[in-house]
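Student:
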Amino acid sequence: MLHVRNAVEEPLGNIAGTGRNASDDFHQDWERLLFLRRQGVAVRFTEVWEDTRCLATMLLEEADGSWFMWKGPTGVPDPEVLSRLLTDIARLPRVTLVLQPAWALPGALAEHGFRPGPEFTTLLVDATGTDEQILARMRPSTRGRVRRALRHGFTFTDDPGLLDRFHPFYTAAMHNADSPDFAPLQYLRELLELERVHLFGAVYGTEVAAGSVCLVNGDAVESRYVATNPAYRSQAALNFVHFQTMKWAAERGLRHLDLSGIDTGETSEKTRLINRFKLGFGGSEFRYATYSR
């Protein structure tokens, strides 16, 4: 017998620190639920249970009157389970779901008023193998930049204490790119308190040359907030960070570096250059279905 429950009705104190039903998917687990609630974000977290076994979870967050689910749900991709999840959010206005391919069940989604939209494409770079095997999968120009960075003598660090030195040039880069995905300093400070979140950096002397705030998510480490200090752009500092992040991931049994979105539509010059940078690391495109109601 299936039944549904929603964590939002529970007081924060009742669930803090429990780690209940922790998921491999950072975007759909209790740790992120608690983080978003501490940020004051309205969250809907639905669980489908069969007796004492949790079959699936789905976390949605609200922004500007719309609700959004990122890279989920997790659990058993079954039409009845999905239908239960969608019934629980039936009264929410303007919902967008980004779905793993196994959850793109058009019959169940259509019954609940969801219609397909443009796919979201990310880039998964194989992080396994030796240094030379990782480098061999890159485009020659990217491989050359990584080798140049290695010769320059950067130190690779995993240190949230770099944030105050990283954030100023990250802020400038986001403003220059007109990015809607800017993360304020305090948001990143609190995000980096979570065990799954890391700030990887290229350090030269006392300066942070590049940084990448990454989320460990399933079998991948997802590079989420990145920037290069302009003084070290010609030394390919961010190429160095991504290369070393792949090595870090492989040492921990993770398979991929997820370089986040690839723009597959009509691109501006800025997005074309970002695409070219990411695609230089090799890897394969992974497509998520999106549905809206």
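Count along the sequence shown from 1, add 3, and you get the number used in our numbering.
Think of the CB as a built atom: it goes at the ideal place given N, C-alpha and C, for glycine as much as any other residue.
(1) Note down, in chain order, each residue of its chain lying with its Cβ closer than 6 Å to the Cβ of Leu188, except the 5 sequence neighbours on either side.
(2) Using CA atoms only, rank isn't needed, just tell me which of Met141, Glu122 and Val79 is closest to Trp106.
(3) Considering only C-alpha positions, which residue in the set His155, Lys273, Asp129 and Asn232 is nearest to His257?
(4) Under 8 Å, with one C-beta from each stretch per pair, do the segment 105-122 and the segment 288-296 reach the 3-pair mark?
(5) Give me the Cα-Cα distance between Ser226 and Gly283, rounded to the nearest whole angstrom.
(6) Evaluate contact between the segment 142-155 and the segment 232-240, counting only Cβ atoms and requiring at least three cross-stretch pairs below 8 Å.
(7) Can you tell me the Cα-Cα spacing of Val84 and Lys74, whole angstroms?
(8) For Ala253, which residues in the same chain have their Cβ closer than 6 Å to its Cβ, ignoring the five residues on either side in sequence?
(9) Cutting at 6 Å between CB atoms, please list the residues of its own chain near Tyr207, excluding the five before and the five after it.
(10) Could you give the DSSP three-state label for Ser287: helix, strand or coil?
(11) Helix, strand or coil for Met72 per DSSP?
(12) How is His245 classed by DSSP in three states: helix, strand or coil?
(13) For Glu288, does the count of other Cβ atoms within 10 angstroms reach 16, so buried, or fall short, so exposed?
Tutor: To lay it out plainly:
(1) The sequence position of residue 188 within the sequence shown is 185, counting from 1. If we look at Leu188 and ignore the five residues flanking it on each side, its Cβ neighbours are His170.
(2) Along the sequence shown, read from residue 1 onward, the residue named residue 106 stands at position 103. The shortest C-alpha separation from Trp106 is found at Val79.
(3) Your numbering for residue 257 matches position 254 in the sequence shown. A quick correction: the sequence has Leu, not His, at residue 257. If we check each option's Cα against that of Leu257, Asp129 comes out closest.
(4) yes
(5) Start at 1 with the first residue of the sequence shown, and residue 226 comes out as number 223. Start at 1 with the first residue of the sequence shown, and residue 283 comes out as number 280. The alpha-carbon atoms of Ser226 and Gly283 are separated by roughly 15 Å.
(6) yes
(7) To locate residue 84, count along the sequence shown from 1; it is residue 81. To locate residue 74, count along the sequence shown from 1; it is residue 71. Going by the C-alpha atoms only, they are around 17 Å apart.
(8) As a position in the sequence shown, residue 253 is number 250, starting the count at 1. Same-chain partners within the cutoff: Ala130 and Thr131.
(9) By one-based count along the sequence shown, residue 207 stands at place 204. Closer than 6 Å at Cβ, skipping near neighbours: Phe157.
(10) Taking the sequence shown and counting its residues from 1, one reaches residue 287 at position 284. Ser287: strand per DSSP, three-state reduction.
(11) As a position in the sequence shown, residue 72 is number 69, starting the count at 1. Correct three-state label for Met72: strand.
(12) Residue numbering aside, residue 245 sits at position 242 when the sequence shown is read from its first letter. Correct three-state label for His245: helix.
(13) Position 285 of the sequence shown, counted from the start, is the residue given in the question as residue 288. Answer is exposed; the Cβ neighbour count stays below 16.
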